[in-house]
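Going from the first sequence to this note's numbering is simple: count from 1 and add 1. Below is one structure; the comments refer to it alone.
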Amino acid sequence: MIDLKTLRENPDLIRNSQKARGEDVGLVDQLIAADEARRLAVNEFEAVRAEQNTLSKSVGSAKGDEKAKLLESAKELAAKVKAADSKRAELEEASKAILLQISNIVHTDTPVGGEADFKVLEHIGTPRDFAAAGFEPKDHVELGKVLKAIDTERGAKVAGSRSYYLTGVGALLEFAMVNYAIQLAVKAGFTPVIPPVLVKPPAMEGTGFLGQAAENVYHLEEDDVYLVGTSEVPLAAYHMDEILDVDNGPIRYAGYSSCFRREAGTYGKDTRGIIRVHQFDKVEMFIFCKPEEAEAEHAKLLQWEKDFLNAMEIPYRVIDVASGDLGSSAIRKFDCEAWVPTQNAYREVTSTSNCTEFQARRLNIRHKTDDGTKAVATLNGTLVAIPRMIVAVLENHQNADGSVNVPQALRPFLGMDTLLPA
RNA sequence: GGAGGGCUCGCAUAGCGGCCGAGUGCACCGGUCUUGAAAACCGGCAAGGGAAACCUUCGUGGGUUCAAAUCCCACGCCCUCCGCCA
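Structure, rendered in structure tokens:
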């Protein structure tokens, strides 16, 4: 959630942000009104409450007639307090409801516009010229079959559409990528974490996934728990309601977990292969830091993502995602998009967001500063999302005979230099 | 799933319906003493809102009462024992 002080002092900042996102600007003025009403009601309640407190105290020491008289007026006051209290509660809830609908204030450098208005920051590597090499590249589904690495048919049989099995070298590839990623993360100072993937409502709400993203979240009705779509959720909520010590530098976690996504409303998109699936494993980086360090940490997250992609020897580009395509918590987001030869396109493989204090305010995660206890900043970034990285590696490193060269960095973890048709 | 016990300021504990927003010990911070440290002693030390007065918070939500940490109800979580189980 946004800071109410900013709302009062600089509402235009928030209006412009909402506008840039293509979200409801009117919410800002609704919130200003609701907040004002709320504060009035709070004052009113506190005034009668203070009166009641002093009166109640005098009742205790009074005697006889005096006491009866006091009791009578105390009773009246009690009714007033009750009314003022429920009015306060009502208005507080109303303003909270609006507050939760307003997204974080977009960064001044974030390109304004919709999904297509991203800005390309850089290209790294060059897509291979398969024509010059004299063969037509196979797509990852075909390669997966040839290598007996990916089985989407049996995935569909057993678990439905957007499901798959990783088998043989496919499964080994996942372990190799995860091990390499975790090693990279540990070297960079991250604490590796295997978090729960079933979480309670406050964790889901607090991270902002029950807003616009709610339709993509699996909910287990019977137990009122959610399956997380990313370990960002349990990692962010890990320090919920805590006061952190971030004076000695940021706190960094690398979570490895399965991720579950309903992919509602994507029926036509990416139906072939494992680019868009209901369940996959991912190593996610998550950082808690001082707000003034957030931007520098964001740059570091992007660099670690690039380090991983460089190690995979895959051509990719980095984009600065446009305002209309940001998550509600993020002020700025960089995506790394790997080249997918058979689609002749760059496709998102990793993503890093700077959420400033937005998530931490909801989750009540703070740190001590010279002028009080303040919300920390949170940031997240994908180190590796397995299926998409497998797509990129298989397609980019394939040979004419269907074999695939293993990136140098993965060889020690995989124990082979080439994946051979089975 | 069954039977008990518990949930109070970082930790551990005390707490008669009004004098309790709350005592004590440990930890922590500052000071005295010391060449330095320890010990001892002195002082400070929960969080949020508010300029302040003041208000809110003793697991959560309701209720009783003029007044609730304290009484009643429901729920949650933790622990112990029993059953079941990867």
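Backbone N, C-alpha and C define an ideal beta-carbon position, used for all residues, glycine too. All values reported here derive from a predicted model rather than from experimental measurement.
By the three-class DSSP mapping on this structure, what secondary structure does residue i have?
{"i": "Ser18", "result": "helix"}
{"i": "His398", "result": "coil"}
{"i": "Asp152", "result": "strand"}
{"i": "Arg367", "result": "strand"}
{"i": "Ile315", "result": "coil"}
{"i": "Leu211", "result": "coil"}
{"i": "Ser57", "result": "helix"}
{"i": "Pro389", "result": "For the sequence presented, residue 389 should be read as Arg rather than Pro. Three-state DSSP puts Arg389 in a helix."}
{"i": "Lys270", "result": "coil"}
{"i": "Ala63", "result": "coil"}
{"i": "Thr379", "result": "strand"}
{"i": "Arg263", "result": "coil"}
{"i": "Asn44", "result": "helix"}
{"i": "Gly250", "result": "coil"}
{"i": "Val113", "result": "coil"}
{"i": "Arg129", "result": "coil"}
{"i": "Phe191", "result": "coil"}
Do the CB positions of residue i and residue j come within less than 9 Å of each other?
{"i": "Trp305", "j": "Ala189", "result": "yes"}
{"i": "Gln360", "j": "Leu144", "result": "no"}
{"i": "Gly325", "j": "Ala21", "result": "yes"}
{"i": "Leu185", "j": "Ala312", "result": "yes"}
{"i": "His108", "j": "Arg333", "result": "yes"}
{"i": "Leu167", "j": "Pro196", "result": "no"}
{"i": "Glu338", "j": "Glu349", "result": "yes"}
{"i": "Asp4", "j": "Arg362", "result": "yes"}
{"i": "Ala378", "j": "Phe289", "result": "yes"}
{"i": "Ala410", "j": "Leu148", "result": "no"}
{"i": "Gly171", "j": "Ser164", "result": "no"}
{"i": "Pro193", "j": "Gly256", "result": "yes"}
{"i": "Thr242", "j": "His368", "result": "Per the sequence shown, residue 242 should be read as Asp rather than Thr. Against a cut-off of 9 Å, the Cβ pair of His368 and Asp242 comes out as no contact."}
{"i": "Glu45", "j": "Ala85", "result": "yes"}
For the candidate residues the options, whose alpha-carbon lies nearest to that of residue i?
{"i": "Gly373", "options": "Leu199, Ile15 and Ile244", "result": "Ile244"}
{"i": "Ala182", "options": "Lys307, Glu116 and Ala423", "result": "Lys307"}
{"i": "Asn397", "options": "Lys158, Glu137 and Gly250", "result": "Glu137"}
{"i": "Asp321", "options": "Phe309, Gln344 and Ser354", "result": "Ser354"}
{"i": "Arg273", "options": "Ile151, Glu216 and Met286", "result": "Ile151"}
{"i": "Leu303", "options": "Val319, Lys291, Glu314 and Phe289", "result": "Val319"}
{"i": "Glu436", "options": "Glu10, Lys201 and Asn11", "result": "Coverage of the chain is limited to positions 2 through 423, which leaves residue 436 absent and any answer about it impossible."}
{"i": "Gln53", "options": "Ala331, Ala79, Ala297 and Arg253", "result": "Ala79"}
{"i": "Asp25", "options": "Ser329, Glu314 and Ala177", "result": "Ser329"}
{"i": "Asn17", "options": "Lys68, Thr153 and Ile106", "result": "Ile106"}
{"i": "Ala346", "options": "Glu175, Lys375, Ala393 and Ile387", "result": "Ala393"}
By Cβ distance below 7 Å, which residues in the same chain neighbour residue i in space, the five residues on each side in sequence not counted?
{"i": "Ile99", "result": "Leu28, Gln31, Leu32 and Ala35"}
{"i": "Val1", "result": "Nothing can be reported for residue 1: it is not among the residues displayed for the chain, which extend from 2 to 423."}
{"i": "Asn217", "result": "Gly230, Arg262, Arg263, Glu264 and Ala265"}
{"i": "Val407", "result": "Leu415, Met417, Asp418, Thr419 and Leu420"}
Under a Cβ-count criterion, where at least 16 other Cβ atoms within 10 Å of its own Cβ denotes burial, should residue i be classed as buried or exposed?
{"i": "Lys283", "result": "buried"}
{"i": "Glu293", "result": "exposed"}
{"i": "Gln19", "result": "buried"}
{"i": "Pro342", "result": "buried"}
{"i": "Asp110", "result": "exposed"}
{"i": "Thr383", "result": "buried"}
{"i": "Lys270", "result": "exposed"}
{"i": "Leu92", "result": "buried"}
{"i": "Asp371", "result": "exposed"}
Spatial neighbours of residue i within its chain, please: CB distance less than 6 Å, with the 5 preceding and 5 following residues excluded, ordered by chain position.
{"i": "Gly126", "result": "Pro316"}
{"i": "Asn381", "result": "Glu233, Phe287 and Ser354"}
{"i": "Lys81", "result": "Val49"}
{"i": "Asp140", "result": "Thr343"}
What residues in its chain sit with their C-beta under 8 Å from that of residue i, if we drop five residues either side in the sequence?
{"i": "Ala117", "result": "Ala323"}
{"i": "Ala238", "result": "Val200, Pro203, Ala204, Gly207, Thr208 and Leu364"}
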